[in-house]
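2 protein chains.
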Amino acid sequence: MYPIYTINCHPVSRKGYLRRGRKGNCAVTMKIDFDCIPCFIRQALDAVRFATPDPDIHASVLQKVLIAAGQMDLQQAPPMVGQIIHRLVRELSGNNDPYKSVKTESNQYALQLYPSLRKQVEKSANSMETAVRLAIAGNIIDFGVSGAISRNTIDETILNSLSETYYGNMDFFLEKAALADRILYIGDNAGEIVFDRLLVEQLSGHSITYAVRGGPVLNDATIADAEESGMTHMVEVIDNGSDAPGTVLADSSDVFLRAVENADLIIAKGQGNYETLSDIDKPIAFLLRVKCPVIARHIGCETGVPMVRTANL
Amino acid sequence: MYPIYTINCHPVSRKGYLRRGRKGNCAVTMKIDFDCIPCFIRQALDAVRFATPDPDIHASVLQKVLIAAGQMDLQQAPPMVGQIIHRLVRELSGNNDPYKSVKTESNQYALQLYPSLRKQVEKSANSMETAVRLAIAGNIIDFGVSGAISRNTIDETILNSLSETYYGNMDFFLEKAALADRILYIGDNAGEIVFDRLLVEQLSGHSITYAVRGGPVLNDATIADAEESGMTHMVEVIDNGSDAPGTVLADSSDVFLRAVENADLIIAKGQGNYETLSDIDKPIAFLLRVKCPVIARHIGCETGVPMVRTANL
């Protein structure tokens, strides 16, 4: 009776990146948890409120998203469901980029902070580790987790990041990153991309490609944010050809897939990239703040912690 | 194409209780806020997890609830939407009372605490106020707000309740309650009903009727809980004939409506009763802990605070 909403995937198994969790030809690594569903409905509501102040459109979009969510294949990875839901919100609200002003504001605030953050990295006894800590601190700017991120929250996260305990294997990552030749750095959010510049600078001796999303979704960074943040002046920036809030290889462009193929280290920022790439058979380091209980359970940690998680290094 | 889910209401306007916010003949006092919708989906997921451990049923119920929520009239009061959603969960899961064991456990834990709480009331300089504070503390046992309430949370709430600042008009309520003749005390949750006994004891010189829900919904108290808690041995207990998680007059029995008619003071516990009775034209005191941001905005307070809110007294 109802259509089942799924993303049309084209084969990526030929690339041999995925070890487990394949569903047909789609890159499913972390299956959706039922707890994600109320969160997606809240995200859709946040998104349509960013898209328009019209309460009639809020009601109509909310109702259509609820029905669509009720017809979805719940075996997909959360960012694939997010991709469908946010496409629907954009289409139904008539706003192709609801988070546009939020993204610009985040970039501008981060650029204000950037000179002092850069000094902190430079004066630090371990500049590389400090840059990693600050790049992860920037991952707090995530409008998928909450519809509002205050400047106070960002400031506090930065301050804490310099001394708080990091989970995972920071030292191992620092050691391996120093040896990498071709690095693919997959960004996450606008604003955060400015923080990523600090780490990109510390990796300046390496060949780096920085990847952003192929189209607007949530406050995820796109080419426009790479330009606003200054990233395009530093390294080669590509987009992945996809509007999923993560890295769905089956939905990615050939240019992006080649970059994955060629990298001897992938640095993947944030939850969406973790959810979609946690099972990839490539040397990878996930740098993120763990903000949701579903991901915390998958990793085996508390929510609210900063994390360096490596695989295949 | 889709049915619009609404509760069939029979006229109550003849009673003349409602001043504003009528929708047809239905007792709509607080309209649903879009923020309630993700919360209802989370509640449905909690409920079906209490109903059965079968993940296939979780998925199927979740999908059907999403579709039903997408077809609902969003002009209804939150407990009317809750009534529809929880009916659906019970029907689809085949479990007529998913919170049965949670309710019994709450009653039993509260009965363990009861002797020491009673002593605290008796030795207090203002026994009536202490009983009100403890009755409101009991309102923390609300599985509509969260799928898990720990004993630690209950213990801490009790401890804090004796000294924390109360919002609203406690003194005015105490003064007016002393003058009331016929009191209708509308309970909220299982477990909490034991705490209500402390206040009912302090009001022993008055004619009191205690009302519970007419059927299982969430962890709301029903006749079974009135029996388990010992309330039936203290005062007349009636049910309201409705399985809404609040007091929907249009869905209530004649016996309950007569009790409303005859009362010269209604004491209404908890959020669901506030959402459905906030506009009633009867002398009423709402005793609750404000646990959700939508109600906090309606009242004009922060979340997490204890509240005595009176009207028409």
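These protein sequence lines are chains A and B, in that order. Residues in the first sequence are numbered consecutively from 364, following the numbering used here. Residues in the second sequence are numbered consecutively from 364, following the numbering used here. Glycine included, every Cβ here is placed at the ideal spot set by N, Cα and C.
Three-state secondary structure assigned by DSSP to residue i
i: valine 671 of chain B; result: strand
i: glutamate 492 of chain B; result: helix
i: glycine 550 of chain A; result: coil
i: alanine 500 of chain B; result: helix
i: threonine 572 of chain A; result: strand
i: glutamate 527 of chain B; result: coil
i: lysine 386 of chain B; result: Caution is warranted here: a pLDDT of 36 is assigned to lysine 386 of chain B, below 50, making its placement in the model unreliable, and the coordinate value is therefore given only provisionally. In the structure shown, lysine 386 of chain B sits in a strand (DSSP, three-state: E or B).
i: lysine 394 of chain B; result: coil
i: alanine 659 of chain A; result: helix
i: aspartate 583 of chain A; result: strand
i: proline 608 of chain B; result: coil
i: asparagine 459 of chain B; result: coil
i: glycine 445 of chain A; result: helix
i: alanine 440 of chain B; result: coil
i: serine 487 of chain B; result: coil
i: glutamine 468 of chain B; result: One point to set straight first is that residue 468 of chain B is glutamate, not glutamine, in the sequence displayed. It is helical.
i: valine 452 of chain B; result: helix
i: aspartate 676 of chain B; result: Reading off the sequence shown, one finds leucine at residue 676 of chain B, where the question assumed aspartate. Of the three classes helix, strand and coil, the one that applies to leucine 676 of chain B here is coil, per DSSP.
i: glutamate 665 of chain B; result: coil
i: aspartate 614 of chain B; result: helix
CB contact below 8 Å: residue i versus chain A
i: glycine 433 of chain B; result: yes
i: lysine 539 of chain B; result: no
i: arginine 660 of chain B; result: no
i: phenylalanine 649 of chain B; result: no
i: aspartate 473 of chain B; result: According to the sequence as given, residue 473 of chain B is alanine; it is not aspartate. Not an interface residue.
i: alanine 511 of chain B; result: no
i: lysine 386 of chain B; result: Here lysine 386 of chain B scores only 36 on pLDDT, less than 50, and its place in the model should not be relied on; the value that follows carries that caveat. It does not: the Cβ of lysine 386 of chain B has no partner Cβ on chain A nearer than 8 Å.
i: proline 401 of chain B; result: yes
i: isoleucine 430 of chain B; result: yes
i: leucine 408 of chain B; result: yes
i: arginine 672 of chain B; result: no
i: leucine 547 of chain B; result: no
i: leucine 437 of chain B; result: yes
Closer than 8 Å to chain B by CB, residue i
i: isoleucine 448 of chain A; result: no
i: alanine 414 of chain A; result: no
i: arginine 405 of chain A; result: yes
i: alanine 422 of chain A; result: yes
i: leucine 451 of chain A; result: no
i: lysine 427 of chain A; result: yes
i: phenylalanine 397 of chain A; result: yes
Beta-carbon contacts of residue i that lie in its chain and below 6 Å, excluding the five residues immediately before and after
i: proline 669 of chain A; result: Ile499, Tyr529 and Arg652
i: tyrosine 477 of chain A; result: Val557
i: alanine 648 of chain A; result: Phe536, Ile630 and Thr673
Proximal residues to residue i (C-beta, below 7 Å), its chain only, five neighbours per side dropped
i: glycine 578 of chain B; result: Thr585 and Asp606
i: aspartate 396 of chain A; result: Val657
i: asparagine 459 of chain B; result: Arg453 and Pro579
i: glutamine 315 of chain A; result: Past the boundaries of the shown model lies residue 315 of chain A; chain A is included only from 364 to 676, so the question cannot be answered.
i: valine 428 of chain B; result: Ile404, Ala407, Ile448, Leu451 and Val452
i: alanine 659 of chain B; result: Val653, Glu665 and Thr666
i: leucine 562 of chain A; result: Ala494, Val495 and Ala498
i: isoleucine 420 of chain A; result: Val411 and Ser456
For residue i, the residue or residues it bridges with in DSSP
i: valine 600 of chain A; result: A/Tyr573
i: leucine 651 of chain B; result: B/Met670
i: lysine 632 of chain A; result: A/Leu650
i: arginine 514 of chain A; result: BP columns for arginine 514 of chain A are empty, so no partner.
i: arginine 545 of chain A; result: A/Ser570
Contacts around residue i, its chain only, beta-carbon distance under 8 Å, and the 5 residues preceding and following it disregarded
i: serine 524 of chain A; result: Arg496, Leu497, Ile499, Ala500 and Pro669
i: serine 570 of chain B; result: Asp544, Arg545 and Ile546
i: asparagine 470 of chain A; result: Ala553, Gly554, Ile556, Val557, Asp588, Glu591 and Ser592
Contact test: residue i Cβ vs the ligand ZN heavy atom, cutoff 7 Å
i: aspartate 617 of chain A; result: Ligands in the displayed structure: none, and consequently the ligand ZN is not present.
Given 8 Å as the limit, is there contact between the region 617-633 of chain A and the region 594-604 of chain A, that is, 3 or more CB pairs closer than that? In this structure the region 617-633 of chain A touches the region 594-604 of chain A; the number of beta carbon pairs closer than 8 Å is three or more.
Could you say if the region 431-445 of chain A and the region 397-404 of chain A meet the contact criterion of at least three C-beta pairs nearer than 8 Å? Verdict: yes, contact present.
Okay, do the region 531-542 of chain A and the region 660-674 of chain A touch, 3+ Cβ pairs below 8 Å being the bar? The way I'd put it, the region 531-542 of chain A does touch the region 660-674 of chain A; three or more beta-carbon pairs between them come closer than 8 Å.
Cβ pair count under 8 Å reaching 3, the region 550-564 of chain B against the region 639-647 of chain B: Cβ pair count under 8 Å is below three, so no.
Are the region 532-551 of chain A and the region 476-494 of chain A touching, with three or more C-beta to C-beta distances below 8 Å? Taking 8 Å as the limit for Cβ pairs, the verdict is that the region 476-494 of chain A does touch the region 532-551 of chain A.
Do the region 459-475 of chain A and the region 411-418 of chain A touch if we need at least three Cβ pairs shorter than 8 Å? By the criterion of at least three beta-carbon pairs nearer than 8 Å, the region 459-475 of chain A is in contact with the region 411-418 of chain A.
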